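Engineer: Residue numbers (my numbering), protein chains in the order written: chain A, 1 to 112; chain B, 113 to 640; chain C, 641 to 1193; chain D, 1194 to 1941. Note that CB positions come from ideal geometry on N, CA and C, so glycine has one too. The structure presented is a predicted model; accordingly, all values stated were derived computationally and were not measured.
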Amino acid sequence: MNPIDPQLPPGDPLVMLGLLASAILFAVGIVGFLSRRNMITMFLCTELMFQGAGLAMISYGRQHMDLSGQVFVIFILTVAAAEAALALGLVVLLYRRKETLSAEAWKELAES
Amino acid sequence: MVDMSQTVALLAPEIVLFVASMLVAVLGLSRSTGIRSLVPWVCVAALVGSILALEAVWTPERIQGARLLFPMLGKYGKALIALIGIGLVAVSAGSIDRRYEEAVARGRASFDALRVVRGEYYAFLLLSLTGAMLVMSAPDLIWLFLGLELVSLPTYIMVAVARTGRRSMEAAMKYFFLGALATAVTLYGFAMLYGATGTMQLIPMRDALAEQAAGAGLSTTALLGTILTVLGLCFKLAAVPMHFYAPDVYEGAPLPVTAFLSFTPKIAGFSALITVLGTVGWSGHAMVDHDGVRIAYEGLPQPITAVLWMVAALTMLLGNIGGILQTSLKRTLAYSSIANSGYMLVGVIVGPKGGIGAMYLFMLGYGVMTVATFGVLAALERKGEEVDSFESLAGLRASHPGLAFLLTLSALSLLGVPPLFGALAKIVLVFVAFEGGQASLAAVLLLNTAIGAVYYLRFVGAAVVNPTNAKSQEVVVVPHWWPKTAAVVAGLGLIVLPAFLSRLVDASATTVDGYVDLGEAVASDEQR
Amino acid sequence: MNLIWASILIPVATAAVIAVANARAARSLAALGSLASLGALAVFAWQFPAWSTGAVFPEPCGCAWLSSINATLGVGFDSVSLLLALLEAFLIPICVIGSWSAISDRQREYYGWFMLLHASILLAFAARDVLLFYVGYEFTLVPLLFIIAIWGGPERRQAAHKLFLYTFLGSLFFLGSILFVGWQHHASTGLWSWDMGTLSTFASARLPANTQFWLFAALLAGFAVKVPLFPVHTWLPLAHNQAPTAGSVILAGTLLKLGTYGIFRLALPMAPEGGAALAVLASVLCTVAVVYAALICWVQTDAKKLVAYSSVSHLGICMLGLFALNPVGAQGSVLYMINHGLSTGALFLLIGMAYERYHVKDMDQIGGLAKRMPVWAFFMVFFTMSSIGLPGLNGFVGEYLCLFGTYIATADASTGYPGLLGPGFALVAGTGLILGAMYMLLLVGRYVFGPLREPKADGHGKHDGSHGHDPHGAGHGHDEGHGDLTGREIGLLVPLALVCLFIGVYPKPMLQAIGPVVERTLAPYPAAVERTLKSQPQAAEAAKAEPKEDDRG
Amino acid sequence: MIAAPAMLSSVLALAEGPLDAHAAPELRWAGLALLLPLISGVLCLLCGWMKVRSKLPAALTIAALGGAFATILRLQGAVGETPVVINLFDWISWTWGDGSRFHGFTANVDLYIDRLTVFWMLFVTGLGTLIALYASEYMESDVGKGYTRFFGAVSIFLFAMGCLVMGGNLVMLYLGWEGVGLASYLLIGYYFTKPEAVAAAKKAFIVNRIGDLGLALALFLIWQCYGTVEYAALWKAIEAAPASSEWTAQAIPWLLMLGAFGKSAQLPLYVWLPDAMEGPTPVSALIHAATMVTAGVYLIARMFPLFIVNPDALAAVAWVGGLTALLAATIGMAQYDMKRIWAYSTISQLGYMFLGLGVGTTFGASYHVFTHAFFKALLFLTAGAVMHGFAGQLDIRKLSGLLKVPGFRLVSLLAVLGCFWLAAFPFTAAFFSKDEILVSAFTAKDERVHVLGWIGLVVAALTAYYTFRVGFRVFFGPVKYEPGDEHHGHDDHQDHGHDHGHAHGSHGASAAHGGHGHHGEFHPHGPRWAIRVPLVLIAVGAMLAGWPSYRTMLNHGEPNWVKTQVAQSSAYQGVAAESHGSHDDHAAAPTAAEGEHAHADHGHLVLGMDAHTAVGRLGSLACIAGILVSLYLHLINRGAADALRRTLMGSIATRWIVVGAERKWLVDEFYDWVIRLPLRLVANILSAIDELLLDAGIVNGIGALPAAFGRLFRPLYGGVVQGYAVTMAGGVALVAAWVIWIWLRGAN
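As structure tokens, then:
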């Protein structure tokens, strides 16, 4: 590869903003995941985290003037979609069983 | 540029598996019992086929063209996956859909394509194995990520569908949500690695990091990115601090899936781990001391070593002390799986100079032991349910001496009694730890081996020593020969493999052939 | 070489045959297999050319089983290991045939495990490759675990568990140490070797004193559990007490010797600096063990437990002789390993024979059996005398040479081997002779002699159901079942007694066989001890200035 | 106790002959003295296994012992002035390094034949033969039961005693030392169903072991000093380096002494001997009176060159001997069990011997051993005959006037004769030997021991008193007896009286035995020839034991035969220079020994008289005084004795004398309370520590640690997804923070 990295000078505002936003997204995702009991909300929070990571990639991509970050994001979206499908299926299955969306209802498996 | 056709050709094993997975998904829906029962055979054939394909396509030129960080990793690793995959198929065969199939066979139920899961179960199993294989030939982070997801997503479903019940659903839920969390962490780590180096490709990434290392040292972004990636991957390994799901999920999941979970994500995770760590490198790093002098040292960058040391030590410890308290077989084996991840992490820390080879050697042993142990357990049932307590195993040697012997064999091998293969692989691991300057980890490993002995002995005690009780009298052998065969073959392997230890050590050492460590990359840079 | 492998593999093959054979044939097969193994080893010993040279024969082969680090299948004997292996091969048929009446259920498993145990012990003694030694050493635990856990007494599971975990933990120290040495060898010479001789030469010459200190400490820690030394001995009384008779016999006979052999073969030659530096500490532990265990023996009421604790005491003396670091003590120590195996093994066998008849070992409930079983009583007294070191029997020579070696192991000894112990240690350990007589005669006085005390007729009630009733006991009335020793039992004891007698009367061949090996092992020690003495200048000066102060050693 | 190869080797050695070229041909057969008892021991063992139910074992033993005696007699004629070493076979021997001095250890099965050896073996084998003959009748009730065991043990004893005395090195001596201990153990515990016998046997062995430890340590020390434990080489080494002032050389005698005190029942280790009377009486006579207990004397006599260098040690030996003599005599005065009285008298007499050794007269000590062997054997055997005849009765209060009981006249006569010897009545053998010791005590160079001469005289009086206390009470006076409770109630012996009853054809006696001695019906049965003949022979021997002295007395200047025997051995090496007059430059030469006393006694005046004269007169006086007191209290006015006892008991001031003497000065109790019980307590505590603290506490505690830790972590596996998510995310955050911290710290 090119030994000289075509990098933007550090502190590019857009990059910084993007990174900040991505960190916030990720953090919100985590906090939401930890604090919410509704499985659908929890899933959405994981999506938030995914998107946070994706945003970080795009920002870094801009910093490095490189497109692969954006390419990755497309794949992330695809995988997230697959996961969403899976998650919804699973949530429906679980809901059918216990008539609740609360994740706390499922704690049968634990250290006795 | 890379010759695409060559790269695709390299993926022949994966392609074989992928095609087979499509095939079994369809075959599983057939109305014909005969065709449906062909499914495991197809899987085995596909796995054998993938090994053959691997042998056929894995030529030096192609590898050269693929520009892989660990060019030879796939050769050993994919064969290992396929081999153990056969065992895992055999462990599964017979128990998936069994009651429904029995009902159909006796005419109590009519065949309903919507109710059978056999096809998709095996399809997912093969897909997951495909993912694990793909991880091994990832040239960049995107590929790596997709490979990892291909490993995980099918397993989420396998946990849920293989045997519907509250516990497996709960397991699936936990596995899925926590898995997603971990994936997000990995992903963020990937993003930071990308940010630190400006490339998704692993070899340029390694070069960029080498440049950093040769200069002022790795950037904080690179370091944190690596750490986050490692921690995210810890979920796959079931390593501290991402191991908490494992006992619950392993216990809740159907037995064959538990077997699958304790091997496939692990090997995929370890492969991903060394791939990521390979960009950081096990050499060429330096530390600035108080006088501003740079001191070069062997091994991963110090913070990463520190983290991995801690992770490895805690993983072994928490795994083993957790295992002592259990009454459920699968839960115990979950903790055992955690502890074994800890052992293997020692090899990762030591790195390409023996460590990774030893890790893969141990992985082979672990896979064989997993197949043997779960094979025995899958061959048993009590009142139509799988056997999941030590009590149920009591007196096994009276009713089923062969199975009891096999279980003893695999438990002793897990425990580390020479000359069984598990012990020898562990000795090699301890040895490379010494060699890699990780004597303290070697000591921790040995200590943990002793702690682990407590619960492995419980298998032995239950199966061979204890007299039959009311609960274990009802234990019968399932009317399928698959799991039993898997256990027998794997058990024999534990006895026979030591004879080929030397060759296996050499073979597993080839995983790092062609890998250029950071220090060497720096040196070659300077030469240029 | 072939004969060595034959003696190791014949039992393995026997175990395999037993696994598929008729359950009734198991015991005969096992006896045949063990005798065949003994025969092979005896033929080897007959042809053994290195009895008087101390050399290893045959030269370890280079047949690697792990070529990348050059771990080989090297087996070979020098006279010490051959003697210990012969002891093992000699005891196993006795154990097997001795179990004929005691073990009636799960016979195939029992004899199968016994054969594997035999093979692994022989392998450990024969191995010249440390990794191979480790394999044999460690694998012994598995059969023993089963033998105790399945056919043992009421607390058998706990005992087996403790035995396994404790010694397993100990052996990990040893494993770590040898891997460390192997790695150091490679790091230093660029070559791989696991040959005991090579590693010993390398480690003793090339490793710095500090490293040797820790190496010796780790090896000692590993083997001390097996020996067992105070204070890591507590698994032994339990294990002995719960084990079936033959298990106790082989445990006392040769398994414990793996520990002493390990120290003799690996720890001492590899780390002379460490050995010299730690000899005093280790000897203090040994000395404490002698007195401590002897006193505990004295208040036991369980015959088997008494003998078990006596092992701790006896092996304290044995190890003390080794740490005297002079040829006299080491010679005695090696001899003592063999003698202890014979006498204590025989005592366990005898207690087992009585136990088979009464199912009671508690001397509060049973005693004066000489009245019922005069022949048994004769052997009991005979082996007691052997155990307490009556001259003319085997125990004497080893025990006295150990104490003798300890006594003369002073800094200014004129033997050419300065030592770190001295009269003080010998005096304290010597009280073991008195205490030994006290507890062994207590055993004889209550168990063998004295008014006849037999348990009530429901003796079988106490007896744990899971292992064999004696085949005669069930059908006969109580008194009839309690006859004197049968011909089979006498046939087991007579060879033991003859060997004891022979060693006691004519130990010269053994002394001359052991001597050269001992000298080789101790070769680096005079210099190492001198250095240790110099590093404690005050002590050395005090020793020179005030010879009477030398009692502290 | 020895296997075929040993026999083979010794036979070969016999055939090949001794190694010393100048040795007499008779010496070739010296090994027989060991071999024959050994063979008979092995044959007895075989008899036992083949369940022989006849007197065959006795015959074998008597024949073997007789053979041994004959061998020794031949040796007696052949042995010269220089010791001969005969190597039977190699036992313990190997070298290391260059094999030079201190680089090897040799202790072979060698015989060391000099006159002391032969002298000692002479009475050992002689008495052994006679006592075996005696026992063949005495033990006949046990034929088919313990008979073979008994004679097997006696054979082993003779073999071991032979090794002890004839052995060529200290390890051989040790072998014999422990071997006789074993035989003693087996024979004291002969009635093994009797708890007292078992306890006594155990006590004997253990107390002896204490001494043995001293002997073993001495052995090590000797090797450390001189580089050898073989006599021949040792004497040379000592000559090369005499009077070593090294602490090691000075310590040797103290350790040897300990061994000797154990075996020879001296303070503080004498306590086992009285209890040893639980054994059959022939055993008491042979082992615990005549032979084995003199091994300590032999040891010190043999090792005398090592004692010479340390006057303190010799003084200690003398004092221990003197005090033991006194203590045992006082106890003996107050006992009622005949055998026990003789046991205490044995201790007391052994005390004399040690006194003699301590004051440097190895001759006196050995002579006293010699005379004592005969008369004490006689006394025990007569006591045995009485016991045999009176159903185990030994209480001197319950036996009286036996001289008049038919069948017991000879026995009684011999017993009374024995009493005269024991009391050292003037011109009996014991008188001369005791005289020798006391004279040496008065004339020793070491002033510290002179007072022991007076103590010895007091003991002489006490001895005469208690001896005749037995003599007058049991054998004189009105005929009165109660049978005993039939041999300690030993169940093997229940039918003992029965056999005898038939043997004598006396139905009354038989009935009496069955009914455990109803007084009126009891008829004592006298001994037959196998008991009588040895008794008479031993009495003759006892009489002849004084012969050497008579000859010396009659032909003034003729050397005492015993002295010649002793003087030509290591027992006199250096003696001349140290203890006796300096004129006696080489006492080993018999010619130099003559007239020795005349010179030696100059300057040592006792009560203004020449020591010999004074001691002779005082000794006679003491003896006669003791006998007279005894005569009054125990024959003429027996009530006076009881009255005296009552008087003494009545006063607080004197009460302790009686109680103390009767209760053996509470030494056993003292040992029990001061040593045994505390040790037992410690042992119990250690046992508890081992099981509770070490095993259950520490080991199990450490073993439980992993599980305990596991429990600690359990709350983290709570089962709720969010819980796991928290720990995982928290873990990630922690690790990330940690890494940044490391990184920052590393970067600085």
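(1) May I have the straight-line CA-CA distance separating D/Ala1723 from D/Ala1578, to the nearest angstrom?
(2) Please list the terminal residues of the continuous beta strand (DSSP E) segment that includes D/Phe1282.
(3) What are the residues that DSSP puts in a beta bridge with C/Phe697?
(4) Could you name each continuous alpha helix (DSSP H) segment of 4 residues or more that falls completely within the region 1514-1573 of chain D, going from the start of the chain to the end?
(5) Could you tell me which of C/Ser674, C/Cys937, C/Thr1050, C/Leu771 sits nearest to C/Leu757, measuring between CA atoms?
(6) According to DSSP, is B/Leu430 helix, strand or coil?
(7) Ignore the nearest five residues each way along the sequence and tell me which others in C/Lys1001's own chain have a CB closer than 7 Å to its CB.
(8) If you draw a straight line from the C-alpha of D/Asp1283 to the C-alpha of C/Lys1148, how long is it?
(9) Give, in chain order, every unbroken run of the alpha helix (DSSP H) that is at least 4 residues long and sits entirely within the region 1450-1495 of chain D.
(10) Per DSSP, C/Asn642 forms a beta bridge with which residues?
(11) Could you check the C-alpha separation between B/Val540 and B/Glu547 for me, to the nearest Å?
(12) Does the Cβ-Cβ distance between B/Gly573 and B/Ala484 come in under 9 Å?
(13) May I ask you to verify whether the region 663-681 of chain C touches the region 645-653 of chain C, counting CB pairs closer than 8 Å and requiring at least 3?
(14) Do we get a CB-CB distance below 9 Å when we pair A/Arg96 with the residues of chain D?
(15) If you compare alpha carbons, which of C/Leu781, C/Val782, C/Leu763 is closest to C/Phe773?
(16) Report the three-state DSSP secondary structure of B/Ile208 (helix, strand or coil).
(17) With H, G and I counted as helix, E and B as strand and the rest as coil, what does DSSP make of C/Leu649?
(18) D/His1861 lies in the alpha helix (DSSP H); which residues open and close that run?
(19) Apply the 10 Å Cβ neighbour rule to D/Arg1267 and answer buried if 16 or more other Cβ atoms are within range, or exposed otherwise.
(20) Taking D/Arg1342 as part of the alpha helix (DSSP H), name the residues at either end of that continuous run.
(21) If I measure Cβ to Cβ from D/Tyr1378 and keep anything under 8 Å in the same chain, skipping five residues before and after, which residues do I get?
(22) If we count the other Cβ atoms within 10 Å of its Cβ and call it buried at 16 or more, is B/Lys187 buried or exposed?
(23) How many angstroms separate the CA atom of C/Ala1066 from the CA atom of C/Leu1043?
(24) Does A/Arg36 come out as helix, strand or coil in the three-state DSSP assignment?
(25) Check distances from the C-beta atoms of the region 873-895 of chain C to those of chain D and list, in chain order, the residues that come in under 9 Å.
(26) For a cutoff of 9 Å on Cβ pairs, would you count D/Gln1417 as touching chain C?
(27) Distance check for D/Gly1234 and D/His1773, CA to CA, integer angstroms please.
(28) Report yes or no: do three or more beta-carbon pairs, one from the region 266-283 of chain B and one from the region 83-103 of chain A, lie closer than 8 Å?
(29) For D/Asn1503, does the count of other Cβ atoms within 10 angstroms reach 16, so buried, or fall short, so exposed?
(30) Fully enclosed by the region 570-601 of chain B, which beta strand (DSSP E) runs are 3 residues long or longer?
Structural biologist: If we stick to the structure as given:
(1) Per the coordinates, the alpha-carbon of D/Ala1723 lies some 11 Å from the alpha-carbon of D/Ala1578.
(2) Counting along the chain, the beta strand (DSSP E) containing D/Phe1282 begins and ends at 1277-1288.
(3) DSSP output for C/Phe697 lists C/Phe717 as bridge partner(s).
(4) Runs of the alpha helix (DSSP H) spanning 4 or more residues and lying entirely within the region 1514-1573 of chain D occur at 1531-1551, in chain order.
(5) The residue with the shortest Cα to Cα distance from C/Leu757 is C/Ser674.
(6) Three-state result, B/Leu430: helix.
(7) Around C/Lys1001, the same chain offers Asp942, Ala943, Lys944, Ile991, Tyr995 as residues with beta carbons nearer than 7 Å, after the five sequence neighbours per side are excluded.
(8) D/Asp1283 and C/Lys1148: Cα-Cα distance of roughly 7 Å.
(9) Qualifying alpha helix (DSSP H) stretches, in chain order: 1465-1468, 1474-1478, 1488-1495.
(10) Residue pairing by DSSP leaves C/Asn642 without any beta bridge partner.
(11) Between B/Val540 and B/Glu547, the C-alpha separation is close to 10 Å.
(12) At a Cβ-Cβ threshold of 9 Å, B/Gly573 and B/Ala484 do not count as neighbours.
(13) A contact exists between the region 663-681 of chain C and the region 645-653 of chain C.
(14) Not one chain D Cβ lies under 9 Å of A/Arg96.
(15) When each option's Cα is compared against that of C/Phe773, the closest is C/Leu763.
(16) DSSP places B/Ile208 in coil when its eight states are reduced to three.
(17) If DSSP states are grouped into helix, strand and coil, C/Leu649 belongs with the helices.
(18) Checking the displayed sequence, the identity of residue 1861 of chain D turns out to be Asp instead of His. For D/Asp1861, the uninterrupted alpha helix (DSSP H) run begins and ends at 1860-1864, by DSSP.
(19) D/Arg1267 counts as buried, since no fewer than 16 other beta carbons sit within 10 angstroms of its beta carbon.
(20) Its alpha helix (DSSP H) spans residues 1340-1359.
(21) Apart from the 5 residues on each side of it in sequence, D/Tyr1378 sits with its Cβ closer than 8 Å to the Cβ of Ala1394, Lys1395, Ala1397, Phe1398 in its chain, given in chain order.
(22) Buried is the call here.
(23) So the alpha carbons of these two residues sit roughly 6 Å apart.
(24) The answer is coil: DSSP assigns A/Arg36 none of H, G, I, E or B.
(25) Shown in chain order are the members of the region 873-895 of chain C whose Cβ falls below 9 Å from a Cβ of chain D: His873, Thr874, Trp875, Pro877, Leu878.
(26) Closer than 9 Å to some Cβ of chain C, the Cβ of D/Gln1417 qualifies, so yes.
(27) Because D/His1773 carries a pLDDT of 44, less than 50, the predicted location of this residue cannot be relied on, and the following value inherits that uncertainty. Rounded to whole angstroms, D/His1773 to D/Gly1234 spans 44 Å at the Cα level.
(28) The region 266-283 of chain B vs the region 83-103 of chain A: in contact.
(29) Here D/Asn1503 is buried. Its C-beta has 16 or more other C-beta atoms within 10 Å.
(30) Those beta strand (DSSP E) runs which fall completely within the region 570-601 of chain B and span 3+ residues are 587-589.
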